[in-house]
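Q: Position 250 of the sequence shown, counting from 1, maps to 250 under the UniProt record's numbering, and the rest follow consecutively.
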Amino acid sequence: MELCEESARETEWFAAVTAATGALGPVLVKLTALLGAEYKLQEGTRRDIMSIKSELKPVHDLMGKLWGREDLDVACTDWMAEARELSYDMEDDIDGFTLGLEHDDGGFIQWEATDSPFKEFMERVKDVSKRCGKMQKVGDTICNSNKLTTDPRALFLHKDASELVGMERKKEKLIEQLQEHEMVCTFGSAGMGKTTLADLVYQTIGDGFQCRAFVSVHPSPNMTEILGTILSQVSSWCNVCWQWHQTCSPTKYRKRQINFPL
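(1) With three or more C-beta pairs closer than 8 Å as the rule, is the region 117–127 touching the region 79–99?
(2) Short check: CB of E82 to CB of S129, under 7 Å?
(3) Thinking just about the alpha-carbon of each residue, which of E43, T224, I49, G193 is nearest to the one in K30?
(4) How is the alpha helix (DSSP H) around F97 delimited, first residue to last?
(5) Rounded to a whole number of angstroms, what is the C-alpha to C-alpha distance between Y202 and F214?
(6) State the Cα-Cα distance for the pair R212 and F121, rounded to the nearest angstrom.
(7) Which residues mark the beginning and the end of the alpha helix (DSSP H) in which Q233 is found?
(8) Can P58 and C132 be called in contact, C-beta distance under 7 Å?
(9) For the alpha helix (DSSP H) holding D71, just list the boundary residues, first then last.
(10) Can you tell me whether M80 is buried or exposed? The criterion is at least 16 other CB atoms within 10 Å of its CB, across all chains shown.
(11) For L174, which residues from the same chain have a beta carbon less than 6 Å from its beta carbon, with the 5 sequence-adjacent residues on both sides left out?
(12) So, are the CB atoms of Q136 and L227 less than 7 Å apart?
(13) Just the C-alpha distance for K159 and D71, rounded to the nearest angstrom, thanks.
(14) Report the option in P117, W67, K53, Q210 whose CA atom is closest to the CA atom of D95.
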């Protein structure tokens, strides 16, 4: 299945900020895909999808804006936690919905259900969206009072190599070290360009690896969300394997519950 042009532009960006926004990014990408011409959905279902997408987009943007700040009040952190919880539930059901789609004789994909499977989320989505307006005021206040005006999401933006000055020598040295060691650490005070250097190296040699991911970690990380971010970037076959696992398993596993054997 090919994503529409809008979805293709958003996919990499949303995957990069999953640690901040839970599964909201992937949810928005999948909702956009379902609105594509290849899906022959009922009109009511399409309206529900468009409504949910329009409600969640501002929520996603604000959560990325607030992520990583330590001066948030309880109401704001609770709202973000509930929004992430909603995103995980939605992604599970969207995947189940997509797996239930069938191709008709004309090559289109259609859904036979009478009622929209998205209706059950409408109330939760509207509640999160309504509270987003209140949280927006909190975010504006924090940003105005904070001398650091850079959006935290900017850490994830991949800069063009032509925009980087004085990094070529450092890049080559780091690549040389990576050829000799499995892991290389960079350290130094804030603003020295550690993340930029790592990103430049990633862009230079990343295509040589079948599985790769670029993740920026907050000082107080949520390991489950970080692992989810890595999995979302590593390879497209991860999603295929996961969908197969959900289909074959008698139990509905939650994507946010990742267990590793000791």
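By construction, the Cβ of each residue, glycine as well, lies at the ideal position given by its N, Cα and C atoms.
A: Taking the geometry as given:
(1) Short answer: they touch.
(2) Going by C-beta atoms, E82 is not nearer than 7 Å to S129.
(3) Of the candidates E43, T224, I49, G193, the residue whose Cα lies closest to the Cα of K30 is I49.
(4) Its alpha helix (DSSP H) spans residues 74–99.
(5) Roughly 7 Å between the two C-alpha positions.
(6) Roughly 33 Å separates the two Cα atoms.
(7) From DSSP, the alpha helix (DSSP H) with Q233 extends over 223–234.
(8) Result yes, Cβ atoms of P58 and C132 sit closer than 7 Å.
(9) First-last for D71: undefined, no H or E at that position.
(10) Counting every other CB atom within 10 Å of its CB across the protein chains shown gives M80 a total of 16 or more, marking it as buried.
(11) Result list for L174: V201, in chain order.
(12) No, the Cβ-Cβ distance between Q136 and L227 is not below 7 Å.
(13) Confidence is the limiting factor: at K159 the pLDDT is only 49, short of 50, which leaves the residue's position unreliable, though a coordinate-based value still follows. Roughly 29 Å separates the two Cα atoms.
(14) Closest option to D95, judged by alpha-carbon separation, among P117, W67, K53, Q210: P117.
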